[in-house]
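Visitor: When we follow numbering that gives the first Met the number 0, the leftmost residue of the sequence shown carries the number 0, and every step to the right adds one. Just so it is clear, CB atoms sit at the ideal spot from N, CA and C, and this is done for glycine as well. It should be emphasised that the depicted structure is a prediction, and the values quoted were computed from it without experimental measurement.
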Amino acid sequence: MNIPSWIQYFERNRSNFDEPPLAPDASPLPDGLRLPLAASLAVFQLGETGGGTRLMRYVRRTLRHQPEALEGYDLAVRLFIAEEHRHAQLLEKLVTYLGGTLLQRHWSNTIFRRLRTLFGMEFNIQILLTAELIAEAYYGLIYRKTTDEEVRSCCHKILQDEMRHIAFHTSFFQQRLTSMPRPLRKMWRVGFRACHAITATIVAWDHRRLLKSLGIGQGEFVRLTLKAGQRFLRRLDSRSSSWQPDISLRSCQKASQLATPR
Ligand SMILES: [Fe+2]
Ligand SMILES: [Fe+2]
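1) Listed in chain order, which residues are found with a beta carbon closer than 5 Å to a heavy atom of ligand 2?
2) Assuming residue 142 contacts residue 21 (C-beta within less than 8 Å), just tell me the rounded distance between them.
3) In three-state terms, what does DSSP make of residue 218?
4) Pull up the distance between the alpha-carbon of residue 131 and that of residue 157, whole angstroms please.
5) For residue 24, I'd like the list of residues in its chain whose CB is within less than 6 Å of its CB, leaving aside the five on either flank, ordered along the chain.
6) Output yes or no for whether 8 Å exceeds the beta carbon distance between residue 91 and residue 134.
7) Report yes if the C-beta of residue 86 is less than 7 Å from at least one heavy atom of ligand 1; otherwise report no.
8) Are the CB atoms of residue 212 and residue 27 within a distance shorter than 8 Å?
9) Using only alpha-carbon positions, find the residue among 236, 87, 197 that is nearest to residue 341.
10) Should residue 80 and residue 128 be called a contact, given that it needs their Cβ atoms to be closer than 8 Å?
11) Whole angstroms are fine: how far does the CA of residue 37 sit from the CA of residue 94?
12) Would DSSP call residue 13 helix, strand or coil?
13) Please state whether the Cβ-Cβ distance between residue 176 and residue 235 is less than 8 Å.
14) Apart from the five residues just before and just after residue 191, which ones in its own chain have a Cβ nearer than 7 Å to its Cβ?
15) Do residue 269 and residue 207 have their CB atoms nearer than 8 Å?
16) Looking at ligand 1, does it come within less than 7 Å of residue 219, judged from the CB to the closest heavy atom?
17) Please tell me whether, using a cut-off of 7 Å, the distance from the CB of residue 227 to the nearest non-hydrogen atom of ligand 1 is below it.
18) Below 7 Å, is the gap between the Cβ of residue 110 and the nearest heavy atom of ligand 3?
19) How long is the line joining the alpha carbons of residue 41 and residue 167, rounded to whole angstroms?
20) Among 76, 233, 106, whose alpha-carbon lies nearest the alpha-carbon of residue 120?
21) Return yes when the Cβ of residue 108 is within less than 8 Å of the Cβ of residue 45, no when it is not.
22) Is the beta carbon of residue 153 sitting closer than 8 Å to the one on residue 89?
23) For residue 51 versus residue 6, is the C-beta distance shorter than 8 Å?
24) Helix, strand or coil: which one does DSSP assign to residue 123?
25) Return the residue from the list 202, 230, 227, 189 that minimises the CA-CA distance to residue 106.
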C-alpha cells in the first residue's frame, strides 16, 4: 500500500470541487421524486457524520504493533474521515435544497455504528467498505436517473470520492490479507460477501420509496451493489495498479479522468 501517495491524494482532493448553488427548497424536481430523494439522502447524510474516533483508536492500536508496515496510515485515515465529513456537509445542503429534513438519529445508522465496533480495525474498515460499495451504486443511480443538474453534480463528486475510498480500502486489504493463511483468506471473503449481501438487502428495503420513484426495483439495486462487491474482490486479487471505472460511473463524463494512487 503506497500510503504517502494516498496522503497526497486526500490533501489534493480537498479543494477540487466547485459546489453548485444550493438555495434551500430550490430544486425543480417533481415532489414524487424530490421528497423520497431528500428523505433518502438525509439517511446517507447522517451516515457521513461519524467522528471516526473508534476507527482512529483501532488504527493507532494496530500501528503500535506494526509501525513499519502501516507508517503514515493514521494520517491517511484521518484525511479520509475528513473527506467523509465534507460529504456530510455537502449532503446537508443538498437535503435542504431538496426541501427535506435532516436526521439526528436513524436505526440503520445506529446498527451500522454498533456493528463497526464489534471486532477490531479490519472489521471496522470492512463494514466501512461495504457502505462505500453501496454508496457507489446509490450515487451512480441518482446521477443517472435524475435531471436536476445540482443534484447530479453533487452525486458525481461524492461518487468520484467514494470510488477512490474503495480503492483506498482495497489497497489496505491487499496488504493485510497477504499475511493471512489461504483458508483464512477464503473465510474472510465468504464473510465479506455475506455481510455485503445482507447490508445491501436492508438498505434497498429502507430506501424502497426512492428506488421506486427512480424506477428501480430493490432486487436490481442489490444486484448493482453486489456487482460492485465482486469488482472489489477481483481487484483484491489482481494487484494491478490500473483503475477500472465502475459500470455505474461509465455514464459520467469524467470517468476516464479518474486516477487512483495505490
Ligand atoms: Fe462519503
Ligand atoms: Fe466514503
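Guide: Answer, in terms of the structure:
1) 131, 161, 164
2) On the sequence shown, residue 142 is found 143 positions in, with the first residue counted as 1. On the sequence shown, residue 21 is found 22 positions in, with the first residue counted as 1. At roughly 16 Å, the Cβ-Cβ gap does not stay under 8 Å, so residue 142 and residue 21 are not in contact.
3) In the sequence shown, residue 218 corresponds to position 219, counting from 1. Note: residue 218 maps to helix in three-state DSSP.
4) Position 132 of the sequence shown holds residue 131. Position 158 of the sequence shown holds residue 157. Going from the Cα of residue 131 to the Cα of residue 157 covers about 10 Å.
5) For the purposes of this step, residue 24 is taken as residue 25 along the sequence shown, with counting starting at 1. Counting only Cβ-Cβ distances below 6 Å, and skipping sequence neighbours, we find 98.
6) Numbered from 1 along the sequence shown, position 92 holds the residue referred to as residue 91. Numbered from 1 along the sequence shown, position 135 holds the residue referred to as residue 134. No, the pair does not count as a contact, with Cβ atoms beyond the cut-off.
7) Here residue 86 corresponds to residue number 87 of the sequence shown, with the count starting at 1. For ligand 1, at least one heavy atom lies less than 7 Å from the Cβ of residue 86.
8) What you label residue 27 is simply residue 28 of the sequence shown in a count that begins at 1. What you label residue 212 is simply residue 213 of the sequence shown in a count that begins at 1. Contact flag unset, no.
9) Limits of the chain in this structure are 0 at one end and 261 at the other, which puts residue 341 out of reach.
10) Counting from 1 along the sequence shown, the entry for residue 80 is found at position 81. Counting from 1 along the sequence shown, the entry for residue 128 is found at position 129. For residue 80 and residue 128, no; Cβs fall outside 8 Å.
11) Counting from 1 along the sequence shown, the entry for residue 94 is found at position 95. Counting from 1 along the sequence shown, the entry for residue 37 is found at position 38. If I take the Cα positions, the gap works out to 5 Å.
12) Position 14 of the sequence shown, counting from 1, holds the residue named residue 13. Reduced to three states, the DSSP call for residue 13 is coil.
13) Along the sequence shown, one-based indexing puts residue 176 at 177. Along the sequence shown, one-based indexing puts residue 235 at 236. Taking 8 Å as the Cβ cut-off, residue 176 and residue 235 qualify as a contacting pair.
14) Numbered from 1 along the sequence shown, position 192 holds the residue referred to as residue 191. Here the set comprises 125.
15) No statement about residue 269 is possible, as the shown extent of the chain runs from 0 to 261 and does not include it.
16) Residue mapping note: residue 219 aligns to position 220 of the sequence shown, counting from 1. Residue 219 Cβ: outside cutoff for every heavy atom of ligand 1.
17) As a first step, residue 227 must be located in the sequence shown, where it is residue number 228. No, the Cβ of residue 227 stays beyond 7 Å of every heavy atom of ligand 1.
18) The model on display carries ligand 1 and ligand 2 but not ligand 3.
19) Here the question's residue 41 lines up with position 42 in the sequence shown. Here the question's residue 167 lines up with position 168 in the sequence shown. Rounded to the nearest angstrom, the two C-alpha atoms are 25 Å apart.
20) By 1-based counting over the sequence shown, the position of residue 120 is 121. Out of 76, 233, 106, 76 has the C-alpha closest to the C-alpha of residue 120.
21) Residue 45 sits at position 46 when you count from the first residue of the sequence shown. Residue 108 sits at position 109 when you count from the first residue of the sequence shown. Their beta carbons are under 8 Å apart, which means residue 45 touches residue 108 by this criterion.
22) Residue mapping note: residue 153 aligns to position 154 of the sequence shown, counting from 1. Residue mapping note: residue 89 aligns to position 90 of the sequence shown, counting from 1. Result yes, Cβ atoms of residue 153 and residue 89 sit closer than 8 Å.
23) Within the sequence shown, numbered from 1, the residue matching residue 51 stands at position 52. Within the sequence shown, numbered from 1, the residue matching residue 6 stands at position 7. Result no, Cβ atoms of residue 51 and residue 6 do not sit closer than 8 Å.
24) Indexing the sequence shown from 1 puts residue 123 at position 124. Here residue 123 sits in helix by DSSP.
25) Taking the sequence shown and counting its residues from 1, the one referred to as residue 106 is at position 107. Ranking 202, 230, 227, 189 by Cα distance to residue 106 puts 202 first.
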